[in-house]
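Student:
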Amino acid sequence: MSPTSETAKGGRRLVIVESPAKAKTIKGYLGPGYVVEASVGHIRDLPNGAAEVPEKYTGEVRRLGVDVEHDFQPIYVVNADKRAQVKKLKDLLAESDELFLATDEDREGEAIAWHLQEVLKPKVPVHRMVFHEITKDAIREAVANPRELNQRMVDAQETRRILDRLYGYEVSPVLWKKVMPKLSAGRVQSVATRLVVERERERIAFRSAEYWDLTGTFSTGRAGDATDPSSLVARLNTVDGRRVAQGRDFGSNGQLKSDVLHLDEANARALAAALAETSFAVRSVESKPYRRSPYAPFRTTTLQQEASRKLGFGAKATMQVAQKLYENGFITYMRTDSTILSDTAVSAARAQVTQLYGADYLPPQPRVYAGKVKNAQEAHEAIRPSGDRFRTPAETGLTGDQFRLYELIWKRTVASQMKDATGNSVTVRIGGTAADGRDAEFTASGKTITFHGFMKAYVEGADDPNAELDDRERRLPQVAEGDALSASDITADGHATKPPARYTEASLVKELEEREIGRPSTYASIIGTILDRGYVFKKGTALVPSFLSFAVVNLLEKHFGRLVDYDFTAKMEDDLDRIARGEAQSVPWLKRFYFGGEGDVADASSAGNGDGDHLGGLKELVTDLGAIDAREISSFPVGEGIVLRVGRYGPYIERGEKDAEGHQRADVPEDLAPDELTVEYAEHLFSKPSGEFPLGKDPLSGHEIVAKDGRYGPYVTEILPEGTPKTGKNAVKPRTASLFKSMSLDTVTLDEALKLMSLPRVVGADAEGVEITAQNGRYGPYLKKGTDSRSLETEDQLFGITLDEALAIYAQPKQRGRAAAKPPLKELGTDPVSERPVVVKDGRFGPYVTDGETNATLRRDDDVETITPERGYELLAEKRAKGPAKKVAKKAPAKKTTASAAKKTAAKKTTASAAKKTAAKKTTAKTTAAKTTAAKKTTAKAAAAKKTTATPTEA
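Each residue of the sequence shown is one higher than the last, beginning at 9 in my numbering.
(1) Run through DSSP, which three-state label would histidine 567 get?
(2) By the three-class DSSP mapping on this structure, what secondary structure does threonine 421 have?
(3) Going by DSSP in three states, alanine 550 sits in which element: helix, strand or coil?
(4) Round the Cβ separation of isoleucine 535 and valine 196 to the nearest angstrom and send it over; I've been treating them as touching at under 8 Å.
(5) When the Cα atoms are used, what is the spatial distance from alanine 442 to alanine 253?
(6) Which of helix, strand or coil does DSSP assign to valine 560?
(7) Alpha carbon to alpha carbon, how far is aspartate 501 from lysine 186?
(8) Threshold first: 3 residues or longer. Then list the beta strand (DSSP E) segments lying entirely within the segment 405-449, N to C.
(9) On the DSSP letters alone, give me the boundaries of the alpha helix (DSSP H) that lysine 763 sits inside.
(10) In terms of residue numbering, what span does the alpha helix (DSSP H) encompassing leucine 584 cover?
(11) Considering just the uninterrupted stretch of the alpha helix (DSSP H) at tyrosine 531, what are its terminal residues?
(12) Assuming proline 659 is part of the beta strand (DSSP E), what are its boundary residues?
(13) Could you tell me the boundaries of the beta strand (DSSP E) in which isoleucine 641 lies?
(14) Would valine 687 and glutamate 178 be called neighbours here (beta carbons separated by less than 8 Å)?
(15) Residue range of the alpha helix (DSSP H) that lysine 129 falls in?
(16) Please return the same chain residues whose Cβ sits closer than 7 Å to the Cβ of alanine 559, not counting the five positions on each side in sequence.
(17) According to the Cβ coordinates, are lysine 427 and tyrosine 466 closer than 8 Å?
(18) In angstroms with no decimal places, state the Cα-to-Cα distance between tyrosine 574 and valine 517.
(19) Less than 7 Å between C-beta atoms, sequence neighbours within five positions excluded: which residues of the same chain meet that for glycine 542?
(20) What is the DSSP secondary structure of threonine 33, counted as helix, strand or coil?
(21) Taking the beta strand (DSSP E) that asparagine 275 belongs to, which residues open and close that run?
(22) First and last residue of the alpha helix (DSSP H) that includes glycine 469?
(23) Is there a Cβ of chain D sitting closer than 8 Å to that of proline 768, yes or no?
(24) At which residue ranges does the segment 245-316 contain complete beta strand (DSSP E) runs of 3 or more residues, listed in the order of the chain?
(25) Where does leucine 693 land, buried or exposed, given buried means 16+ other C-beta within 10 angstroms?
(26) To test your reading of the DSSP string, which unbroken alpha helix (DSSP H) runs of 4 or more residues are found completely within the segment 682-710?
(27) Could you tell me the alpha carbon to alpha carbon distance between glutamate 294 and glutamine 313, rounded to whole angstroms?
(28) Nearest CA to the CA of arginine 71: which residue from Ala46, Ala102, Val25, Leu174?
(29) If contacts are defined as beta-carbon pairs under 8 Å, then threonine 111 and glutamate 26 qualify, I think. What distance do you get, rounded to the angstrom?
(30) Assign glutamate 843 to one of two classes, buried (16 or more other C-beta atoms within 10 Å of its C-beta) or exposed (fewer than that).
(31) Would you tell me roughly how many angstroms separate the C-alpha atoms of leucine 571 and phenylalanine 601, rounded to the nearest one?
(32) Return the CA-CA distance between threonine 66 and aspartate 540, expressed in angstroms with no decimal places.
(33) On a CA-only basis, which of Lys696, Thr744, Gly718 is nearest histidine 711? Give me that one, please.
(34) Per DSSP, alanine 782 is paired with what?
(35) Which runs of the beta strand (DSSP E) fall wholly inside the segment 850-874 and span at least 3 residues, in chain order?
(36) Over what stretch of residues does the beta strand (DSSP E) that includes tyrosine 42 continue unbroken?
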């Protein structure tokens with residue numbers, strides 16, 4: 009008997025999903041006998057630090073959260089912020105007759121379901137409920153046909169989690185010791201960072217080559233029209249039968265790779281002049297049929313790539329918007345490796361092709377896209393509109409980013425079931441003899457589309473902005489071999505080879521997938537991690553590695569080469585997928601990876617892990633660090649004796665040895681792209697005022713006063729004597745003050761420095777004896793009296809304002825409204841979503857972009873002067889995807905709550921019953937108070953423990 013029919017008899021069913029939004033949608037599709045509640049993501053995980061590990065565990069187990077000596081047993085703890093939700097789920101389960109675990113159908117969803125079962129310990133029947141779209145039919149089908157929990161998927165996910173924990177928690181501390189504190193390493197993030205760094209190395213090593221060719225405009229002499237143009241443009245292809253060099257013929261060192269004719273400017277111009285009076289004729293016309301088939305429906309990575317190209321979304325923003333579309337029932341599950349469409353989806357797509365484009369665009373047989381990426385997860389379908397009838401974008405009622413992404417998915421899905429586009433491609437060769445006797449041959453290529461087929465609905469974008477899209481036509485005149493042509497114009501064109509383009513989010517996702525590194529469903533979070541960690545920053549849409557990432561990758565390549573080897577990482581994915589399929593065992597594999605040793609090779613092999621050669625010995629690798637020279641791995645030659653170094657406080661350049669004569673040192677801007685650090689730019693940095701500028705001694709304290717250029721601008725500070733405690737309760741902090749905007753490092757004086765460090769200045773007291781001070785704050789100079797602050801107009805007022813002037817300011821009513829709006833710092837154009845003008849403004853928390861509806865703060869790597877319109881639109885798209893900030897509801901005072909509860913109880917029940925409940929509440933209150941006090945003490949201890957140890961990440 010199905011659960012639905014049992015429910016009709018009066019049972020109560022608890023359905024648990026991950027998110028509240030998903031719970032709300034599903035609740036509407038189930039009957040009154042169902043309670044749908046969210047776990048709000050993972051409820052249990054490995055501990056984030058030693059403070060979260062139960063007291064019974066010590067040593068390495070406490071540090072790692074994994075007992076590596078006992079078959080890698082993980083130590084799971086309920087997340088502190090999920091304890092209240094777990095209690096709520098347990099309370100709901102206690103009142104239920106059946107439990108349905110309805111988390112996502114991928115490995116992570118299966119693991120969440122398993123953790124729920126382990127923590128809740130249900131005494132009622134448990135069902136695993138799976139679906140890949142949230143529609144009424146799909147949800148009811150899932151309820152009626154539940155399955156058992158897939159333990160293989162759970163084991164595979166657990167192995168990944170343990171592997172990532174060991175990698176992150178063992179390798180990250182090496183980075184802390186040898187590069188900089190608080191850095192992180194990860195199985196996929198480190199490899200992704202290496203890809204970006206290697207591309208930048210290629211750009212640094214690249215040497216541009218100049219080459220020239222000719223472009224000719226040839227006329228047929230006929231009056232042309234749209235189908236038969238009167239002229240064509242062709243490019244010089246050969247001279248005396250020898251092909252003319254193009255960009256593809258040069259290597260990255262600027263030298264020719266093949267035997268071709270390299271024209272310089274003088275030769276190109278001379279040849280153009282010699283061809284000025286030449287008679288030309290068509291030497292050949294080659295026509296070939298053109299056919300283009302539709303693109304497969306979206307999977308996770310192709311959706312991220314297309315959303316980046318067409319909508320300007322980052323991978324993270326794409327997944328956030330897709331998540332909302334899925335949870336609200338508009339699309340199927342968005343984390344999938346499959347391009348398969350169900351029979352229902354194929355029928356829906358074909359019906360819309362006929363309805364919207366006509367029967368001529370519908371192929372006689374449905375198209376089947378059976379190809380999956382390697383190791384694709386089971387039972388998934390491509391990303392498509394949900395339901396057995398696709399809603400057109402106009403029918404959805406969606407707006408903004410959700411509308412645009414749904415439209416992209418809908419178009420791609422419908423186009424996948426349309427006919428091929430057909431046409432002709434044509435190549436015309438035109439030749440003539442120059443005045444100096446040389447034979448020159450030009451070529452022109454054309455393309456005509458006779459039937460657009462699927463292109464009527466959708467055309468894929470390109471990563472290269474200069475690339476020609478599939479639906480672009482290039483019509484050539486209708487000419488035949490031997491036809492005479494006249495050259496109306498022949499010009500010499502100069503070109504230079506360009507370095508390889510930096511990765512964008514779209515192209516990095518594509519590269520990771522092609523190399524089979526990591527799981528496609530995790531790419532968005534991986535890119536987010538390397539951006540957040542400061543390993544990579546954005547310039548427009550390009551991903552630029554920081555100098556810090558050069559040091560990290562340098563260390564990993566030299567001392568942990570296998571861990572960031574592309575093939576090794578891909579093989580690890582194969583191993584993990586074999587474990588998921590039950591073809592290999594996790595414990596022998598983890599032993600080989602962590603402990604290594606020849607004795608474990610047989611174990612690894614017998615467990616289905618091949619010979620195990622690509623595994624071995626992480627523990628030993630991270631134990632012997634003596635060979636790692638911290639200075640060497642963070643040093644990179646620039647040229648002419650200049651070396652870039654990555655220090656604990658950022659990158660800098662120096663020439664010569666410290667304390668030696670002629671030594672030079674200068675800080676390097678953190679947002680400088682590594683390939684832009686040339687010898688010339690380094691000399692420019694050396695010429696700028698930098699380092700410490702001694703100003704003299706403070707006559708009162710005797711301390712040396714210096715001016716410095718810091719990360720947040722120029723400032724003055726005092727040098728404390730040696731032996732002054734810098735930590736602990738007796739620590740002494742040096743006085744420090746930022747320079748005024750009117751001051752500079754090379755002109756500030758000792759007197760000015762002492763005045764700056766004397767702030768805040770006491771101006772006087774008001775009639776009631778309340779002290780008024782003048783202070784310099786984050787948002788400029790101001791007065792402070794108690795909790796009442798008033799802005800000053802200039803920095804000079806800090807030292808010049810009198811008590812009377814200050815009292816006069818306080819006598820004025822405090823301005824509550826906003827000051828006059830500042831003019832925008834930059835205009836970026838019209839936002840493609842809101843269709844409103846986007847500008848950059850200066851706000852309280854720094855510059856931000858806005859379209860009048862949505863505001864997005866510029867990131868650390870964004871610059872007002874260089875920010876592009878595309879980057880501005882991307883920031884706004886990410887902000888919209890996050891939605892409005894959630895307001896935390898204030899808890900009502902305990903007394904009022906108790907009184908209110910008592911009133912409600914009295915209204916519903918008898919007075920005697922209410923009295924009993926009140927007594928019970930008092931007892932509960934005492935117990936709760938005692939528990940709360942104990943919890944606070946425990947939390948305080950845990951917090952103290954956390955502060956002593958930095959926690960690495962594993963992503």
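Glycine is no exception: its CB is placed at the ideal position from the N, C-alpha and C atoms.
Predicted model, so just to flag it, every value in this text is computed and none were measured.
Tutor: Judging by the given coordinates:
(1) helix
(2) In the structure shown, threonine 421 adopts helical secondary structure according to DSSP, grouped into three states.
(3) strand
(4) The Cβ separation is near 10 Å, so there is no contact.
(5) Per the coordinates, the alpha-carbon of alanine 442 lies some 19 Å from the alpha-carbon of alanine 253.
(6) helix
(7) 51 Å
(8) Counting whole runs of 3 or more residues, the segment 405-449 contains the beta strand (DSSP E) stretches 429-441.
(9) If you look at lysine 763, you'll find it in the alpha helix (DSSP H) that goes 758-765.
(10) 574-588
(11) Run containing tyrosine 531: 531-540, per the alpha helix (DSSP H) assignment.
(12) 658-663
(13) Segment 638-641 is the alpha helix (DSSP H) holding isoleucine 641; no beta strand (DSSP E) there.
(14) no
(15) Lysine 129 -> no alpha helix (DSSP H), and no H or E assigned at all.
(16) Val187, Ile641, Ser642, Val654
(17) No, these two residues do not count as a Cβ contact at 8 Å.
(18) 14 Å
(19) The beta carbon of glycine 542 sits closer than 7 Å to those of Ser554, Leu556, all from its chain and outside the five residues before and after it, given in chain order.
(20) DSSP places threonine 33 in the helix class (H, G or I) of the three-state scheme.
(21) First-last for asparagine 275: 273-282, but that is the alpha helix (DSSP H), not the beta strand (DSSP E).
(22) Note, glycine 469: premise wrong, no alpha helix (DSSP H); not H, not E.
(23) Although the question refers to chain D, the structure presented lacks it and comprises just one protein chain.
(24) Fully enclosed beta strand (DSSP E) runs of 3 or longer: 288-300.
(25) Buried, because 16 or more other Cβ atoms sit within 10 Å of the Cβ of leucine 693.
(26) Those alpha helix (DSSP H) runs which fall completely within the segment 682-710 and span 4+ residues are 687-695.
(27) 35 Å
(28) The shortest Cα separation from arginine 71 among Ala46, Ala102, Val25, Leu174 belongs to Leu174.
(29) 5 Å
(30) exposed
(31) 11 Å
(32) 32 Å
(33) Restricting attention to Lys696, Thr744, Gly718, the CA atom closest to the CA of histidine 711 is found in Thr744.
(34) Arg769, Leu791
(35) 854-858, 863-865
(36) 42-46
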